[in-house]
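So the protein sequences, as listed, match chains A and B. Be aware that the first sequence starts at 0, since it is given in numbering that gives the first Met the number 0, and climbs by one per residue. Be aware that the second sequence starts at 0, since it is given in numbering that gives the first Met the number 0, and climbs by one per residue.
Protein chains: 2
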Amino acid sequence: MLSFIGLGLYDERSITLRGRDALGSADAAFAEWYTSRLSGTNIERLEALHGIEIEVRDRAGVEQYPGSIFDAAADGHAAFLAAGDTMISTTHVDLRLRAHDRGIDTRVIHGTTAQTAASSLTGLQNYRFGKATTLPFPETHGGVPGSVIETIESNRESDLHTLVYLDIDGENERFLTGDRAADLLGDPLGDPLGVVVAQAG
Amino acid sequence: MLSFIGLGLYDERSITLRGRDALGSADAAFAEWYTSRLSGTNIERLEALHGIEIEVRDRAGVEQYPGSIFDAAADGHAAFLAAGDTMISTTHVDLRLRAHDRGIDTRVIHGTTAQTAASSLTGLQNYRFGKATTLPFPETHGGVPGSVIETIESNRESDLHTLVYLDIDGENERFLTGDRAADLLGDPLGDPLGVVVAQAG
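Printed below as a string of structure tokens:
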């Protein structure tokens, strides 16, 4: 059995009781910290709370070489952990499908996500959001991609908000900050009103 | 202090550890069960798990007569509970604003939501969803509202999925089912592919 467990938004207490129970019953635990990470905690504190050793895998260790994860899930109960919900935004759907192909049972234990928190904390109804987008680091994409501006403008034409995820580079602990995003988006969008939601949880 | 605590998606174990801690430290707890409800549990089991009496309030008891909630929050620590996230979809933003006007500190403790779970369980990336909509009971709206069809068609033109929430009437325990929704939407939309997500958690 392979349980995909969302750790939620902020620290080691953002997990659900169901998630904690599942992790507590696991024989082996793996985590990825590269698509996102919990800003209020670290792996050591997660290990201490849940009483289990957690092996952190980099992108290659999840996407190219997941063999030992599958082996642990085939022999017993393995937990795969990620911040937020394990299947959202950058999906681990592929890992789940590959486990399925190997005859391994899987389940998803949901976590709280930025998508929910952004709507909830701003008081903006989730019905009023159009397509979401991610603003990448400008240095890795040669500025702001046209698709980001197009998405926001298209939503504005329909009188909809846009949830703009700010890029993170979890492995190098680099985060695109709200003020930098405002600088990047202000000009091309005609200085619109933006609200930054940070460290929700 | 007034803590808005999301109970999450399915049963009494869908709450986060942070939510459980906050509820455990509350002097009084209120819940609403009319915008949604947890299909895997009931108030009695929630009370037993958390060791606190929970007063369930109907719509009028939240929206028109929230006085006793504010009184409890002004005198001590009150918890306001709802399924999913307390601020999403049908928002309790107004309650939060009114508490703020009375000088009461508030906080939101997020819960897992149908919005997240639908994307996560289907494997459909949340970036590929356009505006969401709710399909109401046809008998209360004289059929399928044109706005629902327009939202779905507009998203399809942009090659986006639509999350269609199915109406619930929590106080009368009536739920619009997936097969009924398929009957209602199939014809006007030219028999599209739909996926039902039910009892996620």
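Here a beta-carbon is modelled for each residue, glycine too, at the ideal position from N, C-alpha and C. This structure is a prediction, so every number in the text was calculated from the model and none was measured.
_Residue ranges of each beta strand (DSSP E) within the stretch 121 to 194 of chain A, 3 or longer_ = 132 to 134, 163 to 165
*Got a sec, what are the start and stop residues for the alpha helix (DSSP H) V92(B) sits in?*
Counting from one through the second sequence, the residue named residue 92(B) turns up at place 93. Run containing V92(B): 92 to 100, per the alpha helix (DSSP H) assignment.
*Of the residues H160(B), Y164(B), V163(B), E149(B), the one placed nearest S157(A), counting alpha carbons only*: Position 158 of the first sequence, counting from 1, holds the residue named residue 157(A). It is E149(B) whose Cα lies nearest to the Cα of S157(A).
*Using the beta-carbon of each residue, which ones in chain A are nearer than 8 Å to M86(B)?*
Counting from one through the second sequence, the residue named residue 86(B) turns up at place 87. In chain order: S118, S119, L120, G122.
*Using a Cβ-Cβ cut-off of less than 9 Å, give me the residues of the stretch 125 to 137 of chain B that come near chain A, in sequence order.*
N125, Y126, R127, F128, G129, K130, A131, T132, T133
*For S118(B), count neighbouring C-beta atoms within 10 Å of its own C-beta (all shown protein chains included) and say buried if the count is 16 or more, exposed if not.*
The residue labelled residue 118(B) in the question sits at position 119 within the second sequence. Under this definition S118(B) is a buried residue.
*Put T34(B) into one of helix, strand or coil per three-state DSSP.*
In the second sequence, residue 34(B) corresponds to position 35, counting from 1. Taken through DSSP and simplified to helix, strand or coil, T34(B) comes out as coil.
*Taking the continuous alpha helix (DSSP H) assigned at A47(A), which residues delimit it?*
For the purposes of this step, residue 47(A) is taken as residue 48 along the first sequence, with counting starting at 1. For A47(A), the enclosing alpha helix (DSSP H) begins and ends at 42 to 49.
*Over what stretch of residues does the alpha helix (DSSP H) that includes S67(A) continue unbroken?*
Indexing the first sequence from 1 puts residue 67(A) at position 68. Its alpha helix (DSSP H) spans residues 66 to 74.
_On the CB-based measure, 16 or more other CB atoms within 10 Å of its CB, does Q114(A) come out buried or exposed?_
Stepping through the first sequence from its first residue, residue 114(A) is reached at position 115. Classification of Q114(A): buried, given that the 10 Å Cβ count is 16 or more.
*Residues from the stretch 3 to 20 of chain B in contact with chain A, defined by Cβ distance under 9 Å*: Those residues of the stretch 3 to 20 of chain B placed with their C-beta closer than 9 Å to a C-beta in chain A are F3, G5, G7, L8, Y9, D10, E11, R12, S13, I14, T15, L16, R17, G18, R19, D20, ordered along the chain.
*Within the same chain, show all residues whose beta-carbon is closer than 6 Å to that of P135(B), passing over the 5 residues directly before and after it, in chain order.*
Position 136 of the second sequence holds residue 135(B). D166.
*asked:* If contacts are defined as beta-carbon pairs under 8 Å, then G39(A) and G200(A) qualify, I think. What distance do you get, rounded to the angstrom?
replied: Here residue 39(A) refers to the residue found at position 40 of the first sequence. Here residue 200(A) refers to the residue found at position 201 of the first sequence. The Cβ separation is near 6 Å, so the contact holds.
*With a cut-off of 8 Å, does the C-beta of H76(A) fall near any C-beta of chain B?*
Position 77 of the first sequence holds residue 76(A). Taking Cβ atoms only, chain B never reaches closer than 8 Å to H76(A), which makes this a no.
*Relative to the alpha-carbon of P137(B), which residue among L175(B), E52(B), A27(B), G83(B) has its alpha-carbon at the smallest distance?*
Here the question's residue 137(B) lines up with position 138 in the second sequence. The shortest Cα separation from P137(B) among L175(B), E52(B), A27(B), G83(B) belongs to L175(B).
*Would the beta-carbon of L22(A) fall within 8 Å of that of P65(A)?*
To locate residue 22(A), count along the first sequence from 1; it is residue 23. To locate residue 65(A), count along the first sequence from 1; it is residue 66. No.
*Please state if the CB of H160(B) and the CB of L123(B) are separated by a distance shorter than 8 Å.*
By 1-based counting over the second sequence, the position of residue 123(B) is 124. By 1-based counting over the second sequence, the position of residue 160(B) is 161. Yes; because the gap between Cβ atoms is below 8 Å, this pair is in contact.
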